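Scroll down for the structure; my scribbles are underneath it.
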Amino acid sequence: MLSVQRHWPQFLIVTVLVLFSFYFFPSGTSADLWQHATALTRVPDFSHYVPLHTLSDTEFPTHDPHRRVIVLGDVHGMYEPFQALLDQVSYDPSADVLVHVGDIITKGPPKGSLAVLSYMAHHNITGVRGNHDQKVIEWRSWLEWVRKLGGARWLAQFHAAAHAADPADPERWAAKYLKASKSRWSRTIPRGWKPLSEHYRLASDMSSAEYEYLLSLPLVLHAPSAHVFVAHAGVLPSDPHYKPTHRRQPLARVPAFPDGYEGGQGNSEEARALLRRVQEAAVLAHVPQNGDPWVTLNMRGVLADRSITRDQDGTPWAEVWNYEMGLCTGFEPRRQREAKLPCYPATVVYGHAAFRNLDIKRWSVGLDSGCVYNRRLSALVLDYHLRNTTFEGEVKTNDQVVAGQKKRKTIPFGEGSALVVDVECK
804 MLSVQRHWPQ FLIVTVLVLF SFYFFPSGTS ADLWQHATAL TRVPDFSHYV
854 PLHTLSDTEF PTHDPHRRVI VLGDVHGMYE PFQALLDQVS YDPSADVLVH
904 VGDIITKGPP KGSLAVLSYM AHHNITGVRG NHDQKVIEWR SWLEWVRKLG
954 GARWLAQFHA AAHAADPADP ERWAAKYLKA SKSRWSRTIP RGWKPLSEHY
1004 RLASDMSSAE YEYLLSLPLV LHAPSAHVFV AHAGVLPSDP HYKPTHRRQP
1054 LARVPAFPDG YEGGQGNSEE ARALLRRVQE AAVLAHVPQN GDPWVTLNMR
1104 GVLADRSITR DQDGTPWAEV WNYEMGLCTG FEPRRQREAK LPCYPATVVY
1154 GHAAFRNLDI KRWSVGLDSG CVYNRRLSAL VLDYHLRNTT FEGEVKTNDQ
1204 VVAGQKKRKT IPFGEGSALV VDVECK
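Take any residue in the sequence shown, note its place counting from 1, add 803, and you have its number in the numbering used here.
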């Protein structure tokens, strides 16, 4: 959250006006001015993060033979490929559940972003926020805040001037215009934000219903029945500052049954399913990096100093995830060995890393295959009839998958198989 120091000029001005009003105006007016001064200096949280949504069996119906779950990669406003992909997978909204991994908007054509957002909002499609979606949310939150404080007229004048100028570089024009205007409203713009950027313009153009839809998107989805996490950038299996086998790591210890549990004990299927759910929830709750919105929106790798990076250097976080999932040997004590973990593997489905193309590993599926760069738009199809089908063959590398001519590729997923389907983007 921004500090009062960032907005000291308007704070000083309004405070002086309030003090002046004590001598020349009724007490009611003074109180109103003081409330206005307080509002100006209390900058709200524009991020509006929703950390997690846990999906029920109905919301993620991989156990239903009559329904499918279809997870979309980063769309980035590429409306025509998006529609083509829905056709390619024969999407049936009355039976299938559509899920997206975030970054549904921006970078692509502005009209396409509005069309994709309209579709997602109108159909209330399940998904997570991407880092670009988040920027749009923050700009719209700022616009709503300024209007509430009385800045609607100033915003209208700013937008009218921008429309009349029709600059080739809107961001550069906006910076000069706002600096020259010396308006107190321009000083409420958070440092580093760029007015008239594509995120700003989409935030201004989208409807209230579309804004509410974006606000509803969480950072992470957890589907316990399928042992699946969905996050735009990804999640970590453990805190990199400690060894995976350290006692503080959630996967390094068998979880306890919740208080009041009176069901099956020991090795029963019911007990194992519950303990897996508890342990998966602990990965999100007790690995500190997974509670940091910047990480789940931006992470691409882990550096040698164990910090998280959004750049291409370091160890890709998906390699860390798959390595530690490979250490899982279940909850039975007789299976425990040194350097092994008392856990069961879970799968992460994510986007954000277009430079890695379609990134398929045993326990992670990266779906950003670079549609906005005129490559492919990909979807993961989870079908009940493949759920219990053992995958036979080699897990292909991302380059082999992208280079393949087939539009449907079978991959290992969880305890069975799944399909990856893609279409060309132009």
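Ideal Cβ placement from N, Cα and C applies to all residues, glycine included.
Since this is a predicted model, take the numbers as computed values, not measurements.
- [ ] Within its chain, find whatever has a CB closer than 6 Å to the CB of V1081; leave out the 5 residues flanking it on each side and keep chain order.
- [x] P1058
Task: Start and end residues, alpha helix (DSSP H) containing G953 - done: Run containing G953: none; DSSP gives neither H nor E here.
Task: C-beta atoms of V1223 and I1214 nearer than 8 Å - done: yes
Task: Straight-line gap, E1065 to P847 (C-alpha atoms, nearest Å) - done: 45 Å
TODO: Please list, in chain order, all residues of the same chain as Y882 whose beta carbon is under 6 Å from its beta carbon, the five residues on each side excluded.
DONE: For Y882, where only same-chain residues beyond five positions count, the Cβ hits under 6 Å are G915, A918 and V919.
- [ ] Measure the CB-CB distance between V902 and G930 and report whether it falls below 8 Å.
- [x] One thing to note: V902 has its Cβ within 8 Å of the Cβ of G930.
- [ ] Apply the 10 Å Cβ neighbour rule to Y1045 and answer buried if 16 or more other Cβ atoms are within range, or exposed otherwise.
- [x] exposed
Open item on the list: Using the three-state DSSP reduction, which class does V1226 fall into: helix, strand or coil?
Closed with: strand
Task: alpha helix (DSSP H) segment containing R870, residue limits - done: Run containing R870: none; DSSP gives neither H nor E here.
Task: Of the residues T861, Y1153 and R943, the one placed nearest P993, counting alpha carbons only - done: R943
- [ ] Say whether the segment 1084 to 1098 touches the segment 848 to 860, bearing in mind that this needs 3 or more beta-carbon pairs closer than 8 Å, one atom from each stretch.
- [x] Counting Cβ pairs under 8 Å, three or more are found: they touch.
Task: The beta strand (DSSP E) enclosing R1211, as first and last residue numbers - done: Run containing R1211: R1211 to F1216, per the beta strand (DSSP E) assignment.
Task: Buried versus exposed call for A1230 [16 or more other C-beta atoms within 10 Å across all chains shown] - done: The chain is shown only over 804 to 1229; residue 1230 falls outside these bounds and no answer can be derived.
Open item on the list: Taking the beta carbon of Q1115 as the centre, do at least 16 other beta carbons fall within 10 Å, making it buried, or is it exposed?
Closed with: Burial state of Q1115 is exposed, judged by a 10 Å Cβ sphere holding fewer than 16 other Cβ atoms.
Task: Span separating the alpha-carbon of K1229 from that of G876 - done: Straight-line measurement puts the Cα of G876 at about 16 Å from the Cα of K1229.
TODO: Reducing DSSP to helix, strand and coil, say where R1179 ends up.
DONE: strand
TODO: Using 10 angstroms around the beta-carbon of F961, count the other beta-carbons present and answer buried if the total reaches 16, otherwise exposed.
DONE: buried
- [ ] Would you identify the three-state DSSP class for Y922, choosing helix, strand or coil?
- [x] helix
Task: Secondary structure of C1174, DSSP reduced to three states - done: helix
- [ ] List the DSSP bridge partners of H1025.
- [x] T857 and F1032
TODO: Determine contact between the segment 983 to 991 and the segment 1016 to 1025, defined as no fewer than three beta-carbon pairs at a distance below 8 Å.
DONE: no
Task: Secondary structure of L1017, DSSP reduced to three states - done: helix
- [ ] Would you give the residue range spanned by the alpha helix (DSSP H) that T1099 belongs to?
- [x] P1096 to N1101 is the span of the alpha helix (DSSP H), which, as asked, contains T1099.
TODO: Quick one: measure Cβ to Cβ for V1086 and P1040, integer angstroms, because I've assumed they're closer than 8 Å.
DONE: 6 Å
Task: The alpha helix (DSSP H) enclosing V1081, as first and last residue numbers - done: E1072 to H1089
Task: Span of the alpha helix (DSSP H), counted from its first residue to its last, around V1123 - done: For V1123, the enclosing alpha helix (DSSP H) starts and ends at W1120 to M1128.
Open item on the list: Between the alpha carbons of E974 and F1134, how many angstroms are there, rounded?
Closed with: 55 Å
Open item on the list: Suppose contacts are defined by Cβ-Cβ distances below 8 Å. Is G1169 in contact with R1159 by that definition?
Closed with: Result yes, Cβ atoms of G1169 and R1159 sit closer than 8 Å.
Task: Limits of the alpha helix (DSSP H) - the one that K982 falls within - done: P973 to S984
Task: alpha helix (DSSP H) runs contained entirely in the segment 902 to 946, provided each spans 4 or more residues - done: 913 to 925
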